[in-house]
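If you're matching positions, the sequence shown starts at 285 in my numbering and goes up one per residue. Each remark here refers to the structure printed beneath this line.
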Amino acid sequence: MNLCDIKTIKQTMAMFSLNFRKEFGQNFLTDNMTVEDIADNCCDNPSSTILEIGPGIGALTCQLCERYDKVVAVEIDRTLIPILAETLEEYDNIKVLNEDFMKLDLKSFIKENYGDTPVSVCANLPYYITTPIIMKLLEESRVDGKSMFTSLTVMVQKEVADRLCATEKDSEYGAITASLNYYGKVKKLFTVAPGNFLPAPSVTSAVIRIELYESNPYTVKSEKMLFDTISGAFAQRRKTMLNSLASSMSFVSKERIGQIINEIGFDSNIRGEKLSISDFCALADKLYEEKTK
Numbered sequence: 285m286n287l288c289d290i291k292t293i294k295q296t297m298a299m300f301s302l303n304f305r306k307e308f309g310q311n312f313l314t315d316n317m318t319v320e321d322i323a324d325n326c327c328d329n330p331s332s333t334i335l336e337i338g339p340g341i342g343a344l345t346c347q348l349c350e351r352y353d354k355v356v357a358v359e360i361d362r363t364l365i366p367i368l369a370e371t372l373e374e375y376d377n378i379k380v381l382n383e384d385f386m387k388l389d390l391k392s393f394i395k396e397n398y399g400d401t402p403v404s405v406c407a408n409l410p411y412y413i414t415t416p417i418i419m420k421l422l423e424e425s426r427v428d429g430k431s432m433f434t435s436l437t438v439m440v441q442k443e444v445a446d447r448l449c450a451t452e453k454d455s456e457y458g459a460i461t462a463s464l465n466y467y468g469k470v471k472k473l474f475t476v477a478p479g480n481f482l483p484a485p486s487v488t489s490a491v492i493r494i495e496l497y498e499s500n501p502y503t504v505k506s507e508k509m510l511f512d513t514i515s516g517a518f519a520q521r522r523k524t525m526l527n528s529l530a531s532s533m534s535f536v537s538k539e540r541i542g543q544i545i546n547e548i549g550f551d552s553n554i555r556g557e558k559l560s561i562s563d564f565c566a567l568a569d570k571l572y573e574e575k576t577k
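See below:
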């Protein structure tokens, strides 16, 4: 069964009396080459275990099952579970769970389904919840400062991909970019035109891969302060970083924030989008020192 064939997708949905559900951001891929490319780029090791978020009717899931030792797929739409039981029946290395990924206790979920085996994530993410899912994967999977995931390969809106892959020299660079750079390296793999989906979205998509650090090269005195600093620096993008931080850092004077910005090598009129993650780490450490005096 070709699960990327438009006729097959429509027939399969009709067989189960189902329609595409906008509330779940359902856009199924209709291009076999794209699906195969995503599966190929998901992981470098065939013996890897995979977490797929949002398998839909199983087009990408089938390719993952053929390439890797074990796949666990989490699908929020209970009406798709019977379809997946049929489209994936030939594979014995797949487990499908009808769960809301955002409500999972991620550490318990990983331990229960993968044990201590490293996990790679693969997902065609709904546009409306892209950032929350990525940040949950990054923030909630860490044990002793190390992620339980090796990499995240995800399909997102191209505009989001540009933001996630930006550097401090790019206009797209923002709080999520800086935060993401703390966890790993991001690379845009390829774009996917709207015509490769059913129903077709109104925007171009892109596949990115986030290679998570096995050993984080950045050390900070407080991760909470780091992310508060990043958030504060971009909270008011039209203002300088000094003014933006002064509005959110009530424990330290605006004058002292300006001095700290100077101390890490920048003019106090600089904006947050000019700082690398390394710069933010230095800034956060000094602010943490002020807070804990």
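Using N, Cα and C, we set each Cβ at its ideal position, and we do this for glycine too.
Delimiting residues of the alpha helix (DSSP H) encompassing residue i
i       : result
Glu-423 : 414-423
Phe-474 : Careful: Phe-474 lies outside any alpha helix (DSSP H), inside the beta strand (DSSP E) at 468-476.
Glu-336 : No alpha helix (DSSP H) contains Glu-336, which is instead part of the beta strand (DSSP E) from 333-337.
Ala-519 : First-last for Ala-519: undefined, no H or E at that position.
Arg-351 : 343-351
Glu-557 : Counting along the chain, Glu-557 falls outside any alpha helix (DSSP H), and DSSP gives it neither H nor E.
Val-319 : 316-326
Lys-575 : 561-575
Leu-409 : Leu-409 -> no alpha helix (DSSP H), and no H or E assigned at all.
Met-525 : 525-532
Cβ neighbour criterion (16 or more within 10 Å) applied to residue i
i       : result
Lys-570 : buried
Tyr-412 : exposed
Asp-353 : exposed
Ile-290 : exposed
Gln-543 : exposed
Arg-493 : buried
Arg-447 : buried
Asn-546 : exposed
Thr-475 : exposed
Val-487 : exposed
Gln-310 : buried
Glu-557 : buried
Asn-286 : exposed
Asn-303 : exposed
Thr-401 : exposed
Gly-468 : buried
Gly-429 : exposed
Thr-576 : exposed
Glu-373 : exposed
Asn-480 : buried
Asn-465 : buried
Pro-410 : buried
Met-386 : exposed
Met-509 : buried
Ala-298 : exposed
Coil, strand or helix - residue i by DSSP
i       : result
Glu-498 : coil
Arg-362 : helix
Ala-357 : strand
Cys-288 : coil
Asn-303 : coil
Ser-404 : strand
Ser-486 : coil
Val-427 : strand
Phe-312 : strand
Ile-272 : There is simply no residue 272 to check, as the chain begins at 285 and stops at 577 in what is shown.
Phe-226 : Absent from the structure is residue 226, since the part of the chain shown begins at 285 and ends at 577.
Go through the region 368-402 residue by residue and report every complete run of the beta strand (DSSP E) that reaches 3 residues or more, in order.
-> 378-382
Determine, using beta-carbon pairs with one atom in the region 437-450 and one in the region 400-407, whether at least three such pairs fall under 8 Å.
-> yes
Specify whether the region 499-509 and the region 559-576 touch according to this definition: at least 3 beta carbon pairs, one from each stretch, less than 8 Å apart.
-> yes
Any chance you could list the beta strand (DSSP E) runs of at least 3 consecutive residues sitting entirely within the region 430-473, in chain order?
-> 433-441
Is there contact between the region 506-521 and the region 342-360, where contact requires at least three CB pairs shorter than 8 Å?
-> no
Is the number of C-beta pairs between the region 417-426 and the region 389-397 that are closer than 8 Å three or more?
-> Segments in contact, yes.
Just checking, does the region 470-484 make contact with the region 522-537 on the three C-beta pairs under 8 Å criterion?
-> Counting Cβ pairs under 8 Å, fewer than three are found: no touch.
The region 330-348 / the region 368-384 touching (three or more Cβ pairs under 8 Å) = The region 330-348 is in contact with the region 368-384.
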